[in-house]
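Asks: Would you mind keeping the following structure in view while I ask a few things?
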Amino acid sequence: MKRKTLLWSQWVMAILLLGTLGACSKFLDRKPLNATLEDLNQGGLEGQIYGLYGAIRNGDVAGQGFGGIPWLAMNNFRSDDSEKGSSAADGADWGVIYDQFQYVKDHWSNTTYWDQHYVLIGQANTALQIADSLKLTDAASQINRAEARFFRAFAYFDLVRAFGEVPKIDFRVYSAVDAQRPKSSVAEIYALIDADLQFAAANLPSNWKNAAGSSRFPGRLTKGAAQALAAKTQLYRQNWSAALTLCQSVISSGEYALTGNYDDIWKEAGENNSESIFEIQASIGANNADNYFSWYAIAQGVRGSGDWDLGWGWNTPTQNLVDAFDAN
23 MKRKTLLWSQ
33 WVMAILLLGT
43 LGACSKFLDR
53 KPLNATLEDL
63 NQGGLEGQIY
73 GLYGAIRNGD
83 VAGQGFGGIP
93 WLAMNNFRSD
103 DSEKGSSAAD
113 GADWGVIYDQ
123 FQYVKDHWSN
133 TTYWDQHYVL
143 IGQANTALQI
153 ADSLKLTDAA
163 SQINRAEARF
173 FRAFAYFDLV
183 RAFGEVPKID
193 FRVYSAVDAQ
203 RPKSSVAEIY
213 ALIDADLQFA
223 AANLPSNWKN
233 AAGSSRFPGR
243 LTKGAAQALA
253 AKTQLYRQNW
263 SAALTLCQSV
273 ISSGEYALTG
283 NYDDIWKEAG
293 ENNSESIFEI
303 QASIGANNAD
313 NYFSWYAIAQ
323 GVRGSGDWDL
333 GWGWNTPTQN
343 LVDAFDAN
(Lines of atoms letter the chains of each structure in order from A and count residues from 1; the text may use other names and numbers.)
(Lines give C-alpha, C1' and ligand atoms only; values in the text may rest on other atoms or scores of the structure.)
Protein backbone atom coordinates (compact mmCIF):
# COMPACT_ATOMS: atom_id res chain seq x y z
CA MET A 1 0.00 0.00 0.00
CA LYS A 2 2.78 2.38 0.91
CA ARG A 3 4.58 1.57 -2.37
CA LYS A 4 1.44 2.35 -4.41
CA THR A 5 0.97 5.63 -2.55
CA LEU A 6 4.59 6.59 -3.19
CA LEU A 7 4.36 5.80 -6.89
CA TRP A 8 1.13 7.75 -7.19
CA SER A 9 2.70 10.74 -5.47
CA GLN A 10 5.65 10.66 -7.88
CA TRP A 11 3.33 10.67 -10.89
CA VAL A 12 1.36 13.60 -9.48
CA MET A 13 4.55 15.59 -8.84
CA ALA A 14 5.81 14.88 -12.37
CA ILE A 15 2.55 16.10 -13.91
CA LEU A 16 2.56 19.24 -11.76
CA LEU A 17 6.19 19.93 -12.70
CA LEU A 18 5.45 19.64 -16.41
CA GLY A 19 2.51 21.99 -16.01
CA THR A 20 4.66 24.46 -14.11
CA LEU A 21 7.38 24.38 -16.75
CA GLY A 22 4.81 24.98 -19.47
CA ALA A 23 3.38 27.91 -17.55
CA CYS A 24 6.86 29.37 -16.96
CA SER A 25 7.64 29.02 -20.64
CA LYS A 26 4.51 30.91 -21.60
CA PHE A 27 5.24 33.58 -19.00
CA LEU A 28 8.84 34.05 -20.13
CA ASP A 29 7.87 34.15 -23.80
CA ARG A 30 5.51 37.10 -23.30
CA LYS A 31 6.43 40.32 -25.05
CA PRO A 32 7.08 43.38 -22.85
CA LEU A 33 3.72 44.97 -22.09
CA ASN A 34 5.06 48.53 -22.23
CA ALA A 35 6.84 48.14 -25.59
CA THR A 36 5.41 49.34 -28.87
CA LEU A 37 5.40 47.23 -32.00
CA GLU A 38 8.02 49.59 -33.42
CA ASP A 39 10.28 48.92 -30.40
CA LEU A 40 9.96 45.17 -30.85
CA ASN A 41 10.49 45.21 -34.61
CA GLN A 42 14.24 45.67 -34.46
CA GLY A 43 17.05 43.74 -36.09
CA GLY A 44 18.29 40.45 -34.72
CA LEU A 45 21.67 42.00 -33.91
CA GLU A 46 20.41 44.87 -31.81
CA GLY A 47 22.24 43.84 -28.63
CA GLN A 48 25.51 43.28 -30.48
CA ILE A 49 25.23 46.63 -32.23
CA TYR A 50 24.56 48.61 -29.06
CA GLY A 51 27.82 47.18 -27.75
CA LEU A 52 29.67 48.84 -30.63
CA TYR A 53 28.36 52.26 -29.64
CA GLY A 54 29.44 51.58 -26.09
CA ALA A 55 32.95 50.56 -27.16
CA ILE A 56 33.80 54.02 -28.49
CA ARG A 57 32.49 55.93 -25.48
CA ASN A 58 34.12 53.86 -22.76
CA GLY A 59 35.36 56.30 -20.11
CA ASP A 60 37.89 54.12 -18.31
CA VAL A 61 41.51 53.34 -19.20
CA ALA A 62 40.52 50.63 -21.67
CA GLY A 63 38.45 53.11 -23.67
CA GLN A 64 41.18 55.71 -24.19
CA GLY A 65 41.84 54.44 -27.68
CA PHE A 66 38.84 56.51 -28.75
CA GLY A 67 38.78 59.45 -26.36
CA GLY A 68 41.62 59.68 -23.85
CA ILE A 69 45.29 60.60 -23.97
CA PRO A 70 46.25 57.91 -26.52
CA TRP A 71 43.65 59.27 -28.94
CA LEU A 72 44.77 62.86 -28.33
CA ALA A 73 48.41 61.92 -28.78
CA MET A 74 47.87 60.01 -32.00
CA ASN A 75 45.51 62.51 -33.59
CA ASN A 76 46.48 65.87 -32.09
CA PHE A 77 50.05 65.87 -30.78
CA ARG A 78 51.39 64.57 -34.10
CA SER A 79 49.57 67.26 -36.08
CA ASP A 80 50.25 70.96 -36.66
CA ASP A 81 47.26 71.84 -34.48
CA SER A 82 48.61 71.08 -31.01
CA GLU A 83 51.68 70.25 -28.98
CA LYS A 84 52.13 67.81 -26.13
CA GLY A 85 52.55 70.91 -24.00
CA SER A 86 53.34 71.40 -20.30
CA SER A 87 57.04 71.23 -19.35
CA ALA A 88 59.64 69.13 -21.12
CA ALA A 89 59.96 66.92 -18.05
CA ASP A 90 56.21 66.30 -17.78
CA GLY A 91 55.68 63.15 -19.80
CA ALA A 92 59.04 63.53 -21.51
CA ASP A 93 58.64 60.21 -23.34
CA TRP A 94 55.40 61.44 -24.92
CA GLY A 95 57.14 64.41 -26.46
CA VAL A 96 59.82 62.19 -27.97
CA ILE A 97 57.26 59.80 -29.40
CA TYR A 98 54.59 62.15 -30.74
CA ASP A 99 56.36 65.47 -31.30
CA GLN A 100 59.62 63.99 -32.60
CA PHE A 101 58.09 60.83 -34.14
CA GLN A 102 60.47 58.43 -32.41
CA TYR A 103 57.97 55.66 -31.79
CA VAL A 104 58.22 52.95 -29.15
CA LYS A 105 56.10 49.90 -29.93
CA ASP A 106 55.57 48.90 -26.31
CA HIS A 107 54.51 52.32 -25.00
CA TRP A 108 51.11 51.94 -23.33
CA SER A 109 49.61 54.75 -25.38
CA ASN A 110 50.40 53.07 -28.69
CA THR A 111 49.31 49.63 -27.55
CA THR A 112 46.05 50.99 -26.09
CA TYR A 113 45.24 52.80 -29.33
CA TRP A 114 46.04 49.70 -31.41
CA ASP A 115 44.32 47.19 -29.12
CA GLN A 116 41.08 49.10 -28.64
CA HIS A 117 40.62 49.66 -32.35
CA TYR A 118 41.04 45.96 -33.01
CA VAL A 119 38.62 45.20 -30.17
CA LEU A 120 36.00 47.29 -31.99
CA ILE A 121 36.84 45.59 -35.28
CA GLY A 122 36.49 42.20 -33.60
CA GLN A 123 33.09 43.10 -32.16
CA ALA A 124 31.89 44.28 -35.57
CA ASN A 125 33.16 41.10 -37.24
CA THR A 126 31.40 38.97 -34.63
CA ALA A 127 28.09 40.76 -35.24
CA LEU A 128 28.43 40.28 -39.00
CA GLN A 129 29.29 36.60 -38.59
CA ILE A 130 26.23 36.06 -36.41
CA ALA A 131 24.04 37.75 -39.03
CA ASP A 132 25.46 35.44 -41.70
CA SER A 133 25.09 32.30 -39.60
CA LEU A 134 21.45 33.11 -38.75
CA LYS A 135 20.75 34.19 -42.33
CA LEU A 136 19.27 37.49 -41.18
CA THR A 137 18.13 39.39 -44.26
CA ASP A 138 15.18 41.44 -43.00
CA ALA A 139 15.35 45.22 -43.34
CA ALA A 140 16.07 45.87 -39.65
CA SER A 141 18.92 43.37 -39.62
CA GLN A 142 20.37 44.96 -42.75
CA ILE A 143 20.51 48.21 -40.80
CA ASN A 144 22.37 46.36 -38.04
CA ARG A 145 24.83 45.00 -40.61
CA ALA A 146 25.34 48.52 -41.92
CA GLU A 147 26.08 49.81 -38.41
CA ALA A 148 28.64 47.05 -37.85
CA ARG A 149 30.34 47.78 -41.14
CA PHE A 150 30.43 51.51 -40.40
CA PHE A 151 32.21 50.91 -37.09
CA ARG A 152 34.68 48.54 -38.73
CA ALA A 153 35.47 51.21 -41.32
CA PHE A 154 35.67 53.84 -38.59
CA ALA A 155 38.29 51.81 -36.71
CA TYR A 156 40.33 50.90 -39.77
CA PHE A 157 40.39 54.51 -40.94
CA ASP A 158 41.99 55.52 -37.63
CA LEU A 159 44.49 52.66 -37.88
CA VAL A 160 45.53 53.22 -41.48
CA ARG A 161 46.11 56.93 -40.80
CA ALA A 162 48.15 56.19 -37.71
CA PHE A 163 50.18 53.15 -38.79
CA GLY A 164 49.85 52.76 -42.55
CA GLU A 165 49.97 49.03 -43.28
CA VAL A 166 48.01 47.03 -40.70
CA PRO A 167 46.58 43.48 -40.63
CA LYS A 168 43.21 43.23 -42.36
CA ILE A 169 40.92 41.09 -40.22
CA ASP A 170 37.43 41.03 -41.70
CA PHE A 171 36.26 37.77 -40.13
CA ARG A 172 35.34 36.54 -36.68
CA VAL A 173 38.34 35.61 -34.55
CA TYR A 174 37.92 32.53 -32.35
CA SER A 175 41.50 32.22 -31.10
CA ALA A 176 44.72 34.24 -30.97
CA VAL A 177 46.10 32.15 -33.82
CA ASP A 178 43.30 33.39 -36.11
CA ALA A 179 44.43 36.98 -35.58
CA GLN A 180 48.09 36.39 -36.42
CA ARG A 181 47.95 37.88 -39.88
CA PRO A 182 50.59 39.74 -41.88
CA LYS A 183 50.13 43.43 -42.59
CA SER A 184 47.96 44.37 -45.53
CA SER A 185 48.77 47.21 -47.88
CA VAL A 186 47.25 50.65 -47.38
CA ALA A 187 45.30 50.16 -50.62
CA GLU A 188 43.76 46.92 -49.30
CA ILE A 189 42.68 48.59 -46.08
CA TYR A 190 41.09 51.49 -47.93
CA ALA A 191 39.32 49.05 -50.26
CA LEU A 192 37.71 47.44 -47.21
CA ILE A 193 36.80 50.86 -45.79
CA ASP A 194 35.22 51.90 -49.10
CA ALA A 195 33.16 48.70 -49.36
CA ASP A 196 31.97 48.95 -45.77
CA LEU A 197 30.93 52.60 -46.05
CA GLN A 198 29.19 52.06 -49.38
CA PHE A 199 27.12 49.28 -47.80
CA ALA A 200 26.44 51.45 -44.76
CA ALA A 201 25.27 54.40 -46.85
CA ALA A 202 22.99 52.14 -48.90
CA ASN A 203 21.32 50.51 -45.89
CA LEU A 204 21.22 53.06 -43.08
CA PRO A 205 18.17 55.32 -42.72
CA SER A 206 18.41 59.03 -43.42
CA ASN A 207 17.23 59.71 -39.87
CA TRP A 208 15.63 58.06 -36.86
CA LYS A 209 12.81 60.54 -36.37
CA ASN A 210 9.44 59.59 -34.97
CA ALA A 211 6.09 61.00 -36.03
CA ALA A 212 6.66 64.06 -33.85
CA GLY A 213 9.91 64.84 -35.66
CA SER A 214 12.32 64.09 -32.81
CA SER A 215 14.96 61.37 -32.95
CA ARG A 216 14.07 58.03 -31.40
CA PHE A 217 17.78 57.19 -31.16
CA PRO A 218 19.96 60.31 -30.73
CA GLY A 219 23.45 59.66 -32.04
CA ARG A 220 22.55 56.51 -33.93
CA LEU A 221 24.18 56.07 -37.31
CA THR A 222 22.57 57.37 -40.47
CA LYS A 223 23.20 57.43 -44.18
CA GLY A 224 24.64 60.93 -43.80
CA ALA A 225 27.17 59.70 -41.23
CA ALA A 226 28.40 56.99 -43.60
CA GLN A 227 28.69 59.45 -46.50
CA ALA A 228 30.47 62.03 -44.35
CA LEU A 229 33.04 59.52 -43.13
CA ALA A 230 33.50 58.25 -46.68
CA ALA A 231 34.13 61.84 -47.82
CA LYS A 232 36.77 62.25 -45.12
CA THR A 233 38.57 59.10 -46.24
CA GLN A 234 38.59 60.43 -49.81
CA LEU A 235 40.09 63.72 -48.65
CA TYR A 236 42.97 61.88 -46.99
CA ARG A 237 43.69 60.21 -50.34
CA GLN A 238 43.34 63.53 -52.19
CA ASN A 239 40.44 62.21 -54.24
CA TRP A 240 38.87 65.64 -54.44
CA SER A 241 36.09 64.85 -56.90
CA ALA A 242 34.85 61.82 -54.95
CA ALA A 243 34.97 63.79 -51.70
CA LEU A 244 33.00 66.66 -53.23
CA THR A 245 30.29 64.34 -54.54
CA LEU A 246 29.83 62.72 -51.14
CA CYS A 247 29.75 66.06 -49.35
CA GLN A 248 27.16 67.41 -51.78
CA SER A 249 24.99 64.35 -51.07
CA VAL A 250 25.11 65.09 -47.34
CA ILE A 251 24.37 68.80 -47.84
CA SER A 252 21.51 68.25 -50.29
CA SER A 253 19.86 65.59 -48.10
CA GLY A 254 18.10 68.29 -46.10
CA GLU A 255 18.90 66.49 -42.85
CA TYR A 256 21.52 69.00 -41.64
CA ALA A 257 21.94 72.76 -41.37
CA LEU A 258 24.48 75.22 -40.00
CA THR A 259 23.71 76.73 -36.61
CA GLY A 260 23.47 80.47 -36.20
CA ASN A 261 26.40 80.63 -33.76
CA TYR A 262 29.48 78.45 -34.14
CA ASP A 263 30.19 78.60 -30.40
CA ASP A 264 26.88 76.94 -29.59
CA ILE A 265 27.85 73.56 -30.99
CA TRP A 266 30.38 73.08 -28.16
CA LYS A 267 27.90 73.84 -25.39
CA GLU A 268 25.66 71.36 -23.62
CA ALA A 269 22.66 73.05 -25.18
CA GLY A 270 24.18 72.35 -28.58
CA GLU A 271 24.23 68.58 -28.22
CA ASN A 272 22.79 66.79 -31.26
CA ASN A 273 22.15 70.11 -32.99
CA SER A 274 21.38 70.56 -36.67
CA GLU A 275 25.08 70.43 -37.60
CA SER A 276 25.65 67.10 -35.85
CA ILE A 277 26.19 64.24 -38.31
CA PHE A 278 27.63 61.65 -35.93
CA GLU A 279 27.84 62.48 -32.25
CA ILE A 280 28.89 60.03 -29.54
CA GLN A 281 26.36 59.95 -26.72
CA ALA A 282 27.45 59.79 -23.08
CA SER A 283 26.30 60.50 -19.57
CA ILE A 284 27.95 60.87 -16.19
CA GLY A 285 26.85 58.81 -13.21
CA ALA A 286 27.18 60.06 -9.65
CA ASN A 287 30.24 58.84 -7.75
CA ASN A 288 31.62 57.10 -10.81
CA ALA A 289 35.37 56.78 -10.40
CA ASP A 290 35.92 56.45 -14.15
CA ASN A 291 34.37 59.80 -15.01
CA TYR A 292 37.66 61.65 -14.65
CA PHE A 293 39.10 60.02 -17.75
CA SER A 294 36.80 62.16 -19.89
CA TRP A 295 38.70 65.18 -18.63
CA TYR A 296 41.73 64.15 -20.63
CA ALA A 297 39.79 65.03 -23.77
CA ILE A 298 38.78 68.42 -22.37
CA ALA A 299 40.72 69.86 -19.43
CA GLN A 300 42.04 68.28 -16.28
CA GLY A 301 42.50 70.39 -13.18
CA VAL A 302 45.86 71.03 -11.60
CA ARG A 303 46.54 68.07 -9.33
CA GLY A 304 45.37 68.75 -5.79
CA SER A 305 43.89 72.18 -6.52
CA GLY A 306 40.28 71.12 -6.10
CA ASP A 307 39.29 73.08 -9.21
CA TRP A 308 38.56 71.24 -12.45
CA ASP A 309 38.78 74.14 -14.90
CA LEU A 310 42.33 75.39 -14.51
CA GLY A 311 43.76 73.31 -17.34
CA TRP A 312 46.57 70.82 -17.12
CA GLY A 313 49.05 71.93 -19.76
CA TRP A 314 48.79 69.10 -22.28
CA ASN A 315 47.30 69.26 -25.78
CA THR A 316 48.24 72.92 -26.16
CA PRO A 317 46.85 74.60 -29.31
CA THR A 318 49.46 75.91 -31.72
CA GLN A 319 49.45 79.38 -33.21
CA ASN A 320 48.87 77.64 -36.54
CA LEU A 321 45.49 76.44 -35.29
CA VAL A 322 44.59 79.82 -33.81
CA ASP A 323 45.38 81.54 -37.10
CA ALA A 324 43.03 79.17 -38.95
CA PHE A 325 40.05 80.85 -37.27
CA ASP A 326 38.53 84.15 -38.30
CA ALA A 327 39.23 86.72 -35.59
CA ASN A 328 35.64 87.91 -35.89
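If you read the sequence shown in the numbering used here, its first letter stands for residue 23, the second for the next number, and so on.
All C-beta atoms in this analysis are idealised placements derived from N, C-alpha and C, irrespective of residue type, glycine included.
1. Could you pull the DSSP bridge partners for Val195 from this structure?
2. Where does Val344 sit, in a helix, a strand or coil, going by DSSP?
3. Taking only beta-carbon atoms, is Ser109 less than 8 Å away from chain D?
4. To the nearest angstrom, how far is the alpha carbon of Asn97 from that of Phe179?
5. Alpha carbon to alpha carbon, what distance is there between Lys231 and Val344?
6. Quick one: is Ile119 buried, meaning 16 or more other Cβ sit within 10 Å of its Cβ, or exposed?
7. What's the C-alpha gap between Gln122 and Gly186?
8. Skipping 5 residues on each side, what residues in its chain have a beta carbon closer than 8 Å to that of Asp137?
9. Alpha carbons only, please: which of Lys205, Tyr72, Glu210 is nearest the one belonging to Val188?
10. Excluding the 5 residues preceding and the 5 following Ala279 in the sequence, name in chain order all residues of the same chain whose CB lies nearer than 6 Å to its CB.
11. Less than 7 Å between C-beta atoms, sequence neighbours within five positions excluded: which residues of the same chain meet that for Ile215?
12. Could you tell me the distance, in whole angstroms, from the CA atom of Gly18 to the CA atom of Thr267?
13. Could you spell out where the beta strand (DSSP E) holding Asn225 opens and where it closes?
14. How big is the Cα-Cα spacing for Ile273 and Ala217?
15. Specify the secondary structure class of Pro204 as computed by DSSP and reduced to three states.
16. Quick one: using the 10 Å Cβ neighbour count with 16 as the cut-off for buried, is Ala198 buried or exposed?
17. Among Ser108, Leu67, Ala253, Val195, which one has its Cα closest to the Cα of Thr340?
18. Between the Cα of Pro240 and the Cα atoms of Asp348, Leu94, Leu74, Asn294, which residue gives the shortest distance?
19. Pull up the distance between the alpha-carbon of Asp200 and that of Ala170, whole angstroms please.
20. Please report the distance separating the alpha-carbon of Asn350 from that of Trp288.
21. Where Phe173 and Gln270 are concerned, what is the direct C-alpha to C-alpha distance, given to the nearest angstrom?
22. DSSP three-state label for Lys157, please.
23. Hey, how far is the Cα of Ala146 from the Cα of Leu74?
Replies: Quick answer:
1. By one-based count along the sequence shown, residue 195 stands at place 173. None; Val195 has no bridge partner.
2. Translated into positions along the sequence shown, residue 344 becomes position 322. The answer is helix: DSSP assigns Val344 an H, G or I state.
3. Structure shown: chain D not included; a single protein chain is present.
4. Taking the first residue of the sequence shown as position 1, residue 97 is located at position 75. Taking the first residue of the sequence shown as position 1, residue 179 is located at position 157. Spanning the two alpha carbons is a distance of roughly 12 Å.
5. Your numbering for residue 344 matches position 322 in the sequence shown. Your numbering for residue 231 matches position 209 in the sequence shown. C-alpha separation (whole angstroms): 37 Å.
6. As a first step, residue 119 must be located in the sequence shown, where it is residue number 97. Buried: at least 16 other Cβ atoms inside 10 Å.
7. The count along the sequence shown starts at 1 and reaches residue 122 at position 100. The count along the sequence shown starts at 1 and reaches residue 186 at position 164. Distance between the alpha carbons of Gln122 and Gly186: 18 Å.
8. In the sequence shown, residue 137 corresponds to position 115, counting from 1. Within the same chain, Asp137 has close Cβ partners Gly87.
9. Residue numbering aside, residue 188 sits at position 166 when the sequence shown is read from its first letter. The shortest Cα separation from Val188 among Lys205, Tyr72, Glu210 belongs to Lys205.
10. Along the sequence shown, read from residue 1 onward, the residue named residue 279 stands at position 257. Cβ neighbours of Ala279 beyond the five flanking positions: Ser296.
11. Looking up residue 215 in the sequence shown gives position 193. Same-chain partners within the cutoff: Ala175, Tyr178, Phe179, Thr255.
12. The shown model of the chain, from 23 to 350, leaves out residue 18, and the question about it has no answer.
13. On the sequence shown, position 203 is the one that residue 225 refers to. Segment 208-225 is the alpha helix (DSSP H) holding Asn225; no beta strand (DSSP E) there.
14. What you label residue 273 is simply residue 251 of the sequence shown in a count that begins at 1. What you label residue 217 is simply residue 195 of the sequence shown in a count that begins at 1. Distance between the alpha carbons of Ile273 and Ala217: 22 Å.
15. Locating residue 204 in the sequence shown gives position 182, counting from the first residue. The answer is coil: DSSP assigns Pro204 none of H, G, I, E or B.
16. Counted from its first residue, the sequence shown places residue 198 at position 176. When all chains shown are included, Ala198 counts as exposed.
17. Position 318 of the sequence shown, counting from 1, holds the residue named residue 340. Ranking the options by Cα distance to Thr340, first place goes to Ser108.
18. Working through the sequence shown from its first residue, we reach residue 240 at position 218. It is Asn294 whose Cα lies nearest to the Cα of Pro240.
19. Residue mapping note: residue 200 aligns to position 178 of the sequence shown, counting from 1. Residue mapping note: residue 170 aligns to position 148 of the sequence shown, counting from 1. Cα to Cα, Asp200 sits roughly 20 Å from Ala170.
20. Along the sequence shown, read from residue 1 onward, the residue named residue 350 stands at position 328. Along the sequence shown, read from residue 1 onward, the residue named residue 288 stands at position 266. Each residue's alpha carbon lies about 18 Å from the other.
21. Counting from one through the sequence shown, the residue named residue 173 turns up at place 151. Counting from one through the sequence shown, the residue named residue 270 turns up at place 248. Rounded to whole angstroms, Phe173 to Gln270 spans 23 Å at the Cα level.
22. In the sequence shown, residue 157 corresponds to position 135, counting from 1. Lys157 falls in the coil class under three-state DSSP.
23. In the sequence shown, residue 146 corresponds to position 124, counting from 1. In the sequence shown, residue 74 corresponds to position 52, counting from 1. Cα to Cα, Ala146 sits roughly 7 Å from Leu74.
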